[in-house]
Every structure is written in C-alpha cells, then in structure tokens.
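*Asks:* Residue numbers (this note's numbering), protein chains in the order written: chain U, 417 to 722; chain Z, 417 to 722.
Idealized CB from N, CA, C, for every residue including glycine.
Number of protein chains: 2
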Amino acid sequence: MSLLVIGSVAFDAIETPFGKTDKIIGGAATYVSLSASYYKKPVNLVAVVGGDFPTSEIMMLQQHGIDTTGLQIKENEKSFFWAGKYHNDMNSRDTLVTELNVLANFDPIIPESYQDCKYLMLGNLAPKVQSTVINRLKKRPKLIVMDTMNFWMDIAYDDLIETIGMVDVLTINDEEARQLSKEYSLVKAAKKILGMGPKYLIIKKGEHGALLFNKDEVFFAPALPLEEVFDPTGAGDTFAGGFIGYIAKQDDFSFETMKSAIIYGSAMASFCVEKFGTEQITNLSKIAIDQRVKSFIDLVQFEIAI
Amino acid sequence: MSLLVIGSVAFDAIETPFGKTDKIIGGAATYVSLSASYYKKPVNLVAVVGGDFPTSEIMMLQQHGIDTTGLQIKENEKSFFWAGKYHNDMNSRDTLVTELNVLANFDPIIPESYQDCKYLMLGNLAPKVQSTVINRLKKRPKLIVMDTMNFWMDIAYDDLIETIGMVDVLTINDEEARQLSKEYSLVKAAKKILGMGPKYLIIKKGEHGALLFNKDEVFFAPALPLEEVFDPTGAGDTFAGGFIGYIAKQDDFSFETMKSAIIYGSAMASFCVEKFGTEQITNLSKIAIDQRVKSFIDLVQFEIAI
Chain U
417 MSLLVIGSVA FDAIETPFGK TDKIIGGAAT YVSLSASYYK KPVNLVAVVG
467 GDFPTSEIMM LQQHGIDTTG LQIKENEKSF FWAGKYHNDM NSRDTLVTEL
517 NVLANFDPII PESYQDCKYL MLGNLAPKVQ STVINRLKKR PKLIVMDTMN
567 FWMDIAYDDL IETIGMVDVL TINDEEARQL SKEYSLVKAA KKILGMGPKY
617 LIIKKGEHGA LLFNKDEVFF APALPLEEVF DPTGAGDTFA GGFIGYIAKQ
667 DDFSFETMKS AIIYGSAMAS FCVEKFGTEQ ITNLSKIAID QRVKSFIDLV
717 QFEIAI
Chain Z
417 MSLLVIGSVA FDAIETPFGK TDKIIGGAAT YVSLSASYYK KPVNLVAVVG
467 GDFPTSEIMM LQQHGIDTTG LQIKENEKSF FWAGKYHNDM NSRDTLVTEL
517 NVLANFDPII PESYQDCKYL MLGNLAPKVQ STVINRLKKR PKLIVMDTMN
567 FWMDIAYDDL IETIGMVDVL TINDEEARQL SKEYSLVKAA KKILGMGPKY
617 LIIKKGEHGA LLFNKDEVFF APALPLEEVF DPTGAGDTFA GGFIGYIAKQ
667 DDFSFETMKS AIIYGSAMAS FCVEKFGTEQ ITNLSKIAID QRVKSFIDLV
717 QFEIAI
C-alpha cells in the first residue's frame with residue numbers, strides 16, 4: 417500500500433498582512449508529503465532540489481517518515497523559488513518572483529524501491545512531467561490523484577488534457593474548474609470535466625470549502641471558519657496530502673471513504689493556514705488532529721428524520 | 417404559537433441572463449410568508465400595498481394560509497416597485513428602478529387578532545418600522561428574527577443598531593456582516609455583532625451556504641450545488657421564511673432545532689432560485705421538500721468515528 421508523491425520541493429518567500437518570511441521551505445510535494453505522513457508512512461517522495469537546499473530540511477522530511485530516495489539533489493544548481501504577496505482579503509496574491517531553476521529540466525526518476533506504488537499523488541507540476549511518472553510505473557497504481565493549476569491551462573493545454581485523461585481524481589479550484597470547462601455553474605463544470613476522464617473531481621473553494629463529484633453523487637465539506645487566516649500558502653497541497661494519506665491508510669477509495677478523506681484533508685488545511693509556511697503542519701499531534709476533525713463534525717452535522 | 421411576518425409586498429421586474437419578467441409580485445414579506453406557510457399556518461402578515469396590487473395575488477396569499485388582515489391597501493397609491501438586472505455570475509446586480517410609493521410612509525398597524533404573536537419575523541424594511549412593530553406588541557414574542565441590508569447601514573445606522581439590540585436572531589449576508597462589524601474574518605465579525613445584542617447570528621453566503629453563530633457554537637449549512645441559478649431574487653427571504661416557519665412549527669428554538677431550521681430554509685431557497693420570482697415556491701409539495709432536504713443530508717453527512 418505504498419504512497420508515492422511527486423511535486424516541487426522548493427523555497428518560498430511569503431508576505432501577508434501579518435508579516436513576511438525570508439526564504440522558507442515550501443513546494444507542493446513538501447506540503448503534500450508532510451500532511452500525508454500523519455496517516456501513512458513511508459511517503460515515497462520524487463522531487464528535485466538544488467545544492468542550496470538545507471540538509472537539515474531533508475532530515476526533517478525523513479523524520480516525518482518521508483522516504484527521500486527519490487529526491488534528486490543537483491549540487492550545482494539552485495532550488496525552485498517562489499515569492500508572493502497576499503492581498504488583504506487573503507483570497508488573491510501577486511507573484512513577485514518565480515525562479516524555475518532545477519524544475520526547468522526536471523526528469524522524474526522513479527527509484528526501483530518505489531515501484532510497488534498503490535497510491536499516487538501528482539502534485540502541481542508540468543503535466544508532461546506528471547504523465548511521465550505514470551508511464552514509468554511498471555504497474556498502474558490503484559488510485560492516481562492529480563493536482564494542477566490554471567498556469568498549465570494557459571501554456572500546456574494539450575499536455576494537460578492528455579494527463580487529466582490518465583488519472584482517477586482531479587483536484588482544482590473553482591476558478592480553474594470554470595476555466596477548464598468553460599462553464600460557470602460548478603455542477604455543469606463537473607460534468608464536463610468528468611467527461612475528460614477522471615472518475616472523481618474535487619473542486620476546492622478555499623474558505624468556502626470543497627466539493628467532491630463523481631458521475632452520480634456530490635459531497636460538500638466546508639472550510640472551518642477561522643478567526644484569522646495567517647498564510648494560505650500550501651493549503652491546497654496540505655488538503656491533498658491529508659486526502660491521499662487517509663485513503664492510503666484505509667486502502668479503500670469508496671465514495672464514503674473519500675468523503676471522510678476530504679474532511680481529514682480539510683482539517684489538515686485548516687492547520688496549515690494558521691501559521692507561516694509548513695510551521696504548523698510539522699508539529700501536529702494525533703490529539704490535535706482528532707479535535708480538529710471533531711470541530712468539522714460539530715460544524716456540519718445535524719439530525720433530521722424524514 | 418402564531419407567526420407574524422412583516423416586510424414589503426411589492427412588484428418586481430427582473431432581468432437575468434435567462435430572460436426577463438414584466439411586473440411580477442415580490443417583496444420580502446411575500447417570499448417569507450409563502451416559504452413559512454409550508455411549515456406553519458396561519459402566517460399573520462403585516463404589510464402595505466397600493467390600489468394597483470391585484471386582488472388575485474392577495475387571494476393567492478390567502479390560499480397559502482396567509483392571514484391578510486394586516487395587509488393595508490392604499491387605494492389611491494401605488495405599490496413598492498423594484499427593477500433589477502443580474503450580471504452573468506448572478507452574484508451581483510444593478511438596481512434599475514426603486515419606487516418606494518406606499519412604503520415611504522408605512523405605519524405598521526398590528527391587528528388585535530395578531531397580538532398573540534409568539535414568533536416574529538421582521539423582513540427587510542427601515543429599522544425604525546421594524547422596531548415600531550416590536551414596540552406595538554403587548555407581549556414580547558418568544559423569538560424575534562430580523563433581516564436587514566447594507567442600505568440601512570448607510571442611511572439609518574443609529575436606528576439599525578437600536579433595532580438590532582432588540583432582536584434575538586439577526587440574518588445578514590457576508591459583506592453586510594463585514595460592513596457592520598468592520599472585521600473581515602466572519603468569526604470575528606460574528607463575535608462583534610453578537611455583542612450588539614442578538615443571541616444568534618445567521619450569515620448568508622449565497623451560493624456558499626450559511627453560518628449560524630451563537631456565543632459558543634457555530635453551524636454551517638451549504639447551499640445545494642445547482643445546475644443553474646435562474647433568478648436569485650427573494651432567495652434570502654425564502655431562506656428566512658423556511659427558517660422561522662420550521663421553528664414556529666416545532667415551537668422550539670434550541671441550537672439543534674435552529675440547525676434543522678437552517679437546512680429547511682436552505683432547501684426552500686434552493687427551490688426559489690430555480691424559477692423567476694415566486695413561481696417555484698407557490699407550487700411545492702411536501703414530497704418535493706422532503707426530497708430536497710434529503711439531498712442536503714446526502715450532500716454533507718459523513719461517518720467518522722473518533
């Protein structure tokens with residue numbers, strides 16, 4: 417039941433109305449792996465960093481049960497770097513710097529020890545790199561989950577559509593679902609996107625929660641109303657990590673299990689936004705997670721007998 | 417356990433991307449009363465119309481179990497009229513015409529037969545008119561629910577704050593909650609607004625659902641994901657009608673009952689937006705309502721044992 421995660425491991429510099437950071441570690445695969453590690457160990461990581469990436473951070477990942485055999489270190493290159501500034505409403509941000517560096521020519525090599533992959537999480541990357549990972553696995557995983565973003569719709573549409581056609585679950589946000597489907601109604605958008613191949617679609621609505629669709633059913637999970645969103649960076653990846661980690665732990669992906677997985681993913685995301693970067697999700701206890709999930713239950717459960 | 421509803425009974429002319437209407441009946445109290453009538457009869461109505469208001473529509477209200485003893489008819493004046501045009505996203509609209517007409521000098525007279533009021537719904541009106549209704553009731557109702565809008569925050573702030581201080585439940589939308597509290601976080605906004613007097617606050621988020629707060633608890637109800645929102649006019653009032661109607665029927669307003677009431681209100685609102693104006697909510701069956709509530713249960717319920 418091994419879990420394979422691919423995506424960026426990188427540096428971020430973040431500015432929010434509450435403060436700013438120097439270069440801290442970030443990247444989709446970092447958030448996904450850390451979040452998933454609370455449910456399923458090991459998390460087999462495929463990613464690439466430069467010689468500037470601190471050994472101490474790689475050790476931190478290992479201490480969370482993340483297998484870094486597949487983490488390529490390009491000693492003479494620099495890690496991917498993103499800098500962004502959030503607006504006051506936290507729902508929009510400006511990208512200040514994007515340095516692809518090692519990501520520009522990332523060739524995702526799958527270590528032989530990862531070939532038993534049952535659950536695959538394709539974090540946001542060029543869709544061609546995502547499909548390469550699928551093609552390099554000798555046996556198709558039981559469940560492939562793919563995250564992407566509007567950037568690839570703009571510059572690599574054909575690759576994106578091809579890769580979407582290869583996966584079981586697609587996760588995107590509401591604006592991206594509208595862009596991809598050319599439908600404003602999310603219900604209509606979901607129908608169109610499910611017609612592109614995936615059996616399941618998760619539409620992330622940020623502070624407004626998340627929707628899970630399959631052909632016949634729909635499930636909605638709210639976001640937890642928080643006093644303050646401190647830093648939204650990585651929330652979507654942390655959500656995805658909790659989702660795939662819970663599924664890998666259960667070794668089941670019925671619609672009922674996926675519903676619970678979305679609640680666990682939402683709980684993990686609610687922690688993520690409470691502090692800068694990965695700070696909060698590197699230090700969670702099982703008790704804290706259970707209490708947070710309990711808050712979700714209290715938030716939405718009601719008794720009506722029909 | 418009588419239910420008293422006050423608000424506008426009026427004409428609307430609506431334009432959406434799906435079409436446009438001539439003058440059709442609308443107004444907060446029309447939507448609230450019709451929606452509540454599926455749960456509690458009679459609904460005692462206090463409102464004012466002009467001589468131009470069709471007798472057939474008054475009879476329609478009566479046929480739904482709405483007592484129109486308190487509906488003043490000013491034969492030589494005209495009914496309140498609003499015309500608006502929705503943008504493509506249906507989340508914003510332009511007001512094209514507002515003719516106050518009979519509402520300009522509305523004196524809300526409470527018929528003696530309404531004085532046994534246990535549940536009072538103050539639909540959106542000038543806050544001074546809303547507080548006059550409270551003051552004219554010889555005995556304070558068990559529960560007073562008040563709806564309002566940003567318009568009154570702009571032009572009658574002091575009256576609004578005074579009236580908010582007199583009610584048990586305030587319903588407003590997310591932007592209004594932010595304007596009223598000067599807080600962006602809805603959790604912080606809720607705390608401030610609950611400090612103004614109401615024991616409960618409902619924040620309506622349109623297609624993103626609704627939040628119910630009291631001092632210690634919070635409940636979230638989603639909106640049903642719909643293929644198409646045809647006309648959002650009256651959705652908030654229809655929500656409020658289902659909410660107060662369900663509570664009046666149960667004759668209970670514990671937090672648990674309010675949670676169910678919000679689900680019933682959301683179900684009623686989901687019908688409202690499927691057709692123009694009041695068309696859909698004048699022709700509902702108990703079976704259709706039960707099926708819709710079942711859809712809400714399926715949408716959000718999950719099983720996690722902690």
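Taking CB distances under 8 Å as the criterion, tell me whether V634 (chain U) reaches chain Z.
*Replies:* Chain Z, which has a Cβ nearer than 8 Å to the Cβ of V634 (chain U), makes this yes.
*Asks:* Any idea if E644 (chain Z) is buried or exposed, counting beta-carbon neighbours within 10 angstroms, 16 or more meaning buried?
*Replies:* Counting Cβ neighbours within 10 Å, E644 (chain Z) comes out exposed, since fewer than 16 surround it.
*Asks:* Where does I577 (chain Z) fall in DSSP's three states?
*Replies:* Correct three-state label for I577 (chain Z): helix.
*Asks:* By the three-class DSSP mapping on this structure, what secondary structure does Y535 (chain U) have?
*Replies:* Looking at Y535 (chain U) - three-state DSSP - the assignment turns out to be strand.
*Asks:* Taking P557 (chain U) as the reference, give the member of U:T548, U:Q546, U:C533 with the closest Cα.
*Replies:* Of the listed residues, the one whose Cα sits closest to P557 (chain U) is U:C533.
*Asks:* Distance, Cα to Cα, L627 (chain U) vs S495 (chain U)?
*Replies:* The straight-line gap from Cα to Cα measures roughly 34 Å.
*Asks:* How would you label T512 (chain U), buried or exposed, when you count the other beta carbons within 10 angstroms and need 16 or more for buried?
*Replies:* The sequence given here has Leu at residue 512 (chain U), not Thr. With fewer than 16 other Cβ atoms within 10 Å, it is exposed.
*Asks:* On the three-state DSSP scale, how would you describe S424 (chain Z)?
*Replies:* If DSSP states are grouped into helix, strand and coil, S424 (chain Z) belongs with coil.
*Asks:* Under a Cβ-count criterion, where at least 16 other Cβ atoms within 10 Å of its own Cβ denotes burial, should Q707 (chain U) be classed as buried or exposed?
*Replies:* Q707 (chain U) is exposed by the Cβ-count criterion.
*Asks:* Name the chain Z residues that come within less than 8 Å of T624 (chain U), Cβ to Cβ?
*Replies:* It is His, not Thr, that sits at residue 624 (chain U) in the sequence shown. Result: K621, H624, G625.
*Asks:* I'd like to confirm the pairing. Which residues does DSSP put opposite R509 (chain U) in its beta bridges?
*Replies:* U:Y502.
*Asks:* How many Å lie between E473 (chain U) and E633 (chain Z) at the Cα?
*Replies:* Roughly 39 Å between the two C-alpha positions.
*Asks:* If you draw a straight line from the C-alpha of S597 (chain Z) to the C-alpha of K608 (chain Z), how long is it?
*Replies:* Those two C-alpha atoms are separated by around 6 Å.
*Asks:* Who are the Cβ neighbours of M462 (chain U) in its own chain at under 6 Å, not counting the five residues just before and after it?
*Replies:* Residue identity differs from the one stated: residue 462 (chain U) is Val in this sequence, not Met. Correct list, in chain order: I422, G486, P524.
*Asks:* Just the C-alpha distance for K621 (chain U) and D653 (chain U), rounded to the nearest angstrom, thanks.
*Replies:* Each residue's alpha carbon lies about 13 Å from the other.
*Asks:* Can you find a C-beta in chain U that's less than 8 Å from the C-beta of P638 (chain Z)?
*Replies:* Interface residue, yes.
*Asks:* I'd like to know if D668 (chain U) contacts chain Z, where contact means its C-beta is closer than 8 Å to some C-beta of that chain.
*Replies:* Output row for D668 (chain U): interface = no.
*Asks:* Alpha carbon to alpha carbon, what distance is there between G539 (chain Z) and D575 (chain U)?
*Replies:* Taking the straight line joining both Cα atoms gives about 53 Å.
*Asks:* To the nearest angstrom, how far is the alpha carbon of Y363 (chain Z) from that of K702 (chain Z)?
*Replies:* The structure shown does not extend to residue 363 (chain Z), since chain Z spans only 417 to 722, so no value can be given for it.
*Asks:* Taking M562 (chain Z) as the reference, give the member of Z:Q666, Z:A605, Z:L420 with the closest Cα.
*Replies:* For M562 (chain Z), the nearest C-alpha among the options comes from Z:L420.
*Asks:* Just the Cα atoms here: how many angstroms apart are S418 (chain U) and Y530 (chain U)?
*Replies:* Looking at the two C-alpha atoms, the distance is approximately 8 Å.
*Asks:* Against chain Z, does E591 (chain U) count as a neighbour if the rule is that its beta carbon must be under 8 Å from one of theirs?
*Replies:* Closer than 8 Å: no.
*Asks:* Consider the Cβ of Y600 (chain Z): report whether some Cβ of chain U lies at a distance smaller than 8 Å.
*Replies:* So yes, Y600 (chain Z) belongs to the interface.
*Asks:* Going along chain Z in order, which residues have a C-beta closer than 8 Å to the C-beta of L642 (chain U)?
*Replies:* Chain Z residues near L642 (chain U): S601, V603.
*Asks:* Would you say F469 (chain U) lies against chain Z (beta-carbon separation less than 8 Å)?
*Replies:* No, F469 (chain U) does not count as interfacial toward chain Z.
*Asks:* Report, in whole angstroms, the separation of the C-beta atoms of P648 (chain Z) and Y502 (chain Z), which I expect to be a contact under 8 Å.
*Replies:* At roughly 7 Å, the Cβ-Cβ gap stays under 8 Å, so P648 (chain Z) and Y502 (chain Z) are in contact.
*Asks:* Could you work out which residues of chain Z lie near F718 (chain U), taking near to mean beta carbons separated by less than 7 Å?
*Replies:* Per Cβ cutoff of 7 Å: K675, S676, I679.
*Asks:* Assuming T485 (chain Z) is part of the beta strand (DSSP E), what are its boundary residues?
*Replies:* Run containing T485 (chain Z): 482 to 490, per the beta strand (DSSP E) assignment.
*Asks:* Which ranges does the beta strand (DSSP E) cover as unbroken runs of at least 3 residues, wholly within the segment 534 to 566 of chain Z, from first to last along the chain?
*Replies:* The segment 534 to 566 of chain Z contains these whole beta strand (DSSP E) runs: 559 to 563.
*Asks:* With distance defined between alpha-carbon atoms, name the residue in U:N460, U:K490, U:K456, U:V459 nearest to T471 (chain U).
*Replies:* Selected option, being the one with the closest Cα: U:K490.
*Asks:* Can you name the residues of chain U whose CB is closer than 8 Å to the CB of I722 (chain Z)?
*Replies:* What I722 (chain Z) touches in chain U: D706, V709, K710, I713.
*Asks:* If we ignore side chains and look at the alpha-carbon of each, how far apart do G613 (chain U) and I660 (chain U) end up?
*Replies:* So the two alpha carbons sit approximately 19 Å from each other.
*Asks:* Helix, strand or coil: how does DSSP classify V585 (chain Z) here?
*Replies:* Of the three classes helix, strand and coil, the one that applies to V585 (chain Z) here is strand, per DSSP.
*Asks:* Buried or exposed for G382 (chain U), going by 16 or more other Cβ atoms inside 10 Å?
*Replies:* Shown here, chain U extends from 417 to 722; a query on residue 382 (chain U) therefore has no answer.
*Asks:* Interface residues of chain Z around D584 (chain U) at Cβ under 9 Å?
*Replies:* What D584 (chain U) touches in chain Z: nothing, since even the nearest Cβ is about 20 Å away.
*Asks:* At what residues does the alpha helix (DSSP H) containing L596 (chain U) begin and finish?
*Replies:* That run of the alpha helix (DSSP H) goes 590 to 597.
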